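In what follows, a single structure is set out as structure tokens and then discussed.
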Amino acid sequence: MTSTHSLKIFFGLFLALFFTGCVAQQSSPWQGRYSNSQSNTQINTGAENRNVQIQSDATPSPIGAAVKIGFLAPLSGNGAAVGQSLVNAAQLAVFDLPSDSVELLPRDSGGSSNSARSAAQSAINDGATIILGPLYAQEVKALNSLSSPNRPVVGFTTDWTEASANTFVMGFLPHAQVERVLDYAARNGMRNLSIVAPSGEYGNLVTAAAQRFLQNNNLSVPRVINYTSAQQAASELQALQRNPATKSDAVLFASRSSEAASIINSVRQSGVALPRLIGTGLWDDDDALSQTALKGAIYAGPEPSEVNRFSQKYRSVYGETPPRVASLGYDSAAMVLSLVAENKALTSSTLSNPAGFSGIDGFFKFRNDGLIERSLSILEIENGRRLTRERAQKSMSF
6 MTSTHSLKIF FGLFLALFFT GCVAQQSSPW QGRYSNSQSN TQINTGAENR
56 NVQIQSDATP SPIGAAVKIG FLAPLSGNGA AVGQSLVNAA QLAVFDLPSD
106 SVELLPRDSG GSSNSARSAA QSAINDGATI ILGPLYAQEV KALNSLSSPN
156 RPVVGFTTDW TEASANTFVM GFLPHAQVER VLDYAARNGM RNLSIVAPSG
206 EYGNLVTAAA QRFLQNNNLS VPRVINYTSA QQAASELQAL QRNPATKSDA
256 VLFASRSSEA ASIINSVRQS GVALPRLIGT GLWDDDDALS QTALKGAIYA
306 GPEPSEVNRF SQKYRSVYGE TPPRVASLGY DSAAMVLSLV AENKALTSST
356 LSNPAGFSGI DGFFKFRNDG LIERSLSILE IENGRRLTRE RAQKSMSF
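Here the numbering used here = 1-based position in the sequence shown + 5.
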């Protein structure tokens, strides 16, 4: 059933992060945890000091010229915990950013096409002028007929094929991560690449992005291992690295950190040394930090200091570490609130302003075709920490 809860929020709290107006598949790769402490401190998570009113009726109370934001997330079923974290993060944004009154309309997208469409229609019926979410690709696809130049949708999926002129994809896209980290690798002498990618859509996307980047920059054609089991990948990688004619000076893994670590350990146990290890955004969670096999590995991702501050604030309010994807809830809501504060219309044209926005996950901008571009740092995994090897650009000229 579609949730009809609405949060009527009035802003009076000071600014914690100014969001400048300089201006997925069912199994999301961004549901891992990302924290910077293991604190056991008990935290008061009550909202008694905040000006928040929760209404259980379907009709919001009139609040003058309030801007209504539809916010879709899976609040039931297997994705409920992740969905609630997105809503929680959006609430943090409205607590942090000053504005006039705004009404946030959370709706349960339910994890399916039909429920997502019903949830969006419910928010629209209640006056929503923009839809933030939903999370999964099939949910975003279901909203195509509801999006328009004057009522855009900003989905959290990582499936770039769902992007269009009025449907913006805000998830972390693999091709941008691959291009950023391979550019860094090439500038630092890593020019002969091997790719280890699992069979399937994500592995194919990473492989294609890497091949395209290498070709466009006149670099060596990569050697590709497309595998169905970690054992197969390890065996083929051993053979490549043993042969001087096929030996590479960097290996790009398109798998989660635990699977990549299993492959790496198997190769090393056979007595074969490996060159520099490179990953994707799948390694931007705490699981990667626990994998000793990934020591010295690099990948492209948001600056950890900002994400850590968000995670700490989230923990202080809600008493738990947020899933990595939760920052999208914050940044999307903060983006809208910054536009409202500047009296700008919430249209597709406004969202695709080439000047872009700044948020928890760094600078970003939407293209006219609905795809997102991000300014990413180069991060190295070292003894359970992330070290910044090259900071993201602090402008929208990337």
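Idealized CB from N, CA, C, for every residue including glycine. Just so you know, these numbers come straight off a predicted model, no measurement behind them.
Determine the contact status of Val-312 and Asp-366, defining contact as a CB-CB distance below 8 Å.
On the sequence shown, residue 312 is found 307 positions in, with the first residue counted as 1. On the sequence shown, residue 366 is found 361 positions in, with the first residue counted as 1. Yes; because the gap between Cβ atoms is below 8 Å, this pair is in contact.
Report yes if the C-beta distance between Gly-306 and Leu-381 is below 8 Å; otherwise report no.
Position 301 of the sequence shown, counting from 1, holds the residue named residue 306. Position 376 of the sequence shown, counting from 1, holds the residue named residue 381. Yes; because the gap between Cβ atoms is below 8 Å, this pair is in contact.
Runs of beta strand (DSSP E) lying entirely within the region 208-292, each at least 3 residues, in chain order:
228-232, 255-258 and 281-283
Reference Leu-140, options Gly-160, Asn-149, Gly-389 and Leu-148, closest by Cα
Working through the sequence shown from its first residue, we reach residue 140 at position 135. Of the listed residues, the one whose Cα sits closest to Leu-140 is Gly-160.
Three or more C-beta pairs closer than 8 Å, one from the region 69-81 and one from the region 106-124: is that the case here?
Yes, they touch.
Which residue marks the beginning of the alpha helix (DSSP H) containing Ser-102, and which one marks its end?
Numbered from 1 along the sequence shown, position 97 holds the residue referred to as residue 102. Checking the displayed sequence, the identity of residue 102 turns out to be Leu instead of Ser. Segment: none, Leu-102 is in no alpha helix (DSSP H) and carries neither H nor E.
Selected residue, minimal CA-CA separation from Gln-89, among Gly-116, Ser-106 and Val-72:
Here residue 89 is taken as the residue at index 84 of the sequence shown, counted from 1. Among Gly-116, Ser-106 and Val-72, the Cα nearest to that of Gln-89 belongs to Gly-116.
Quick check: the region 119-138 against the region 146-161, are there 3 or more CB pairs under 8 Å?
With a cut-off of 8 Å, the region 146-161 and the region 119-138 count as touching, because enough Cβ pairs lie within range.
Quick one: what's Gly-82 bridged to in DSSP?
For the purposes of this step, residue 82 is identified with residue 77 of the sequence shown, where counting begins at 1. Per DSSP, none; premise fails for Gly-82.
Compute the Euclidean distance between the alpha carbons of Thr-212 and Asn-348, then round it to the nearest angstrom.
Looking up residue 212 in the sequence shown gives position 207. Looking up residue 348 in the sequence shown gives position 343. The alpha-carbon atoms of Thr-212 and Asn-348 are separated by roughly 43 Å.
Can we say the region 193-200 touches the region 173-183, given the rule of at least three CB pairs closer than 8 Å?
no
Write down the C-beta distance between Ile-135 and Val-277 rounded to the nearest angstrom, noting that I regard them as a contact closer than 8 Å.
Stepping through the sequence shown from its first residue, residue 135 is reached at position 130. Stepping through the sequence shown from its first residue, residue 277 is reached at position 272. Going by Cβ atoms, the distance from Ile-135 to Val-277 rounds to 53 Å, so no, they are not a contact pair.
Would you identify the three-state DSSP class for Ala-95, choosing helix, strand or coil?
On the sequence shown, position 90 is the one that residue 95 refers to. Ala-95: helix per DSSP, three-state reduction.
Pick helix, strand or coil for Phe-15, following the three-state DSSP scheme.
Here residue 15 is taken as the residue at index 10 of the sequence shown, counted from 1. Low local confidence applies: a pLDDT of 33 at Phe-15 is under 50, so the model's placement there is unreliable, and no value is given.
By Cβ distance, which residues of its chain are closer than 6 Å to Asp-254, with the 5 residues on each side in sequence left out?
For the purposes of this step, residue 254 is taken as residue 249 along the sequence shown, with counting starting at 1. Met-195, Asn-197 and Pro-280, listed in sequence order.
Taking the beta carbon of Arg-217 as the centre, do at least 16 other beta carbons fall within 10 Å, making it buried, or is it exposed?
The residue you call residue 217 lines up with position 212 of the sequence shown. Using a 10 angstroms sphere on the CB of Arg-217, the tally of other CB atoms stays under 16, which defines it as exposed.
Using DSSP with H/G/I as helix, E/B as strand and the rest coil, what is Asp-336?
On the sequence shown, position 331 is the one that residue 336 refers to. In this structure, Asp-336 counts as helix in the three-state DSSP scheme.
When the Cα atoms are used, what is the spatial distance from Leu-282 to Ala-302?
Walking along the sequence shown from the start, residue 282 turns up at place 277. Walking along the sequence shown from the start, residue 302 turns up at place 297. Rounded to the nearest angstrom, the two C-alpha atoms are 5 Å apart.
Helix, strand or coil for Arg-394? Go by DSSP, reduced to three states.
If you number the sequence shown from 1, residue 394 lands on position 389. Collapsing the DSSP output to three states places Arg-394 in a strand.
Do you know offhand how far Glu-385's Cα is from Val-229's?
Along the sequence shown, one-based indexing puts residue 385 at 380. Along the sequence shown, one-based indexing puts residue 229 at 224. If I take the Cα positions, the gap works out to 23 Å.
What residue range is occupied by the uninterrupted beta strand (DSSP E) comprising Arg-196?
For the purposes of this step, residue 196 is taken as residue 191 along the sequence shown, with counting starting at 1. Run containing Arg-196: none; DSSP gives neither H nor E here.
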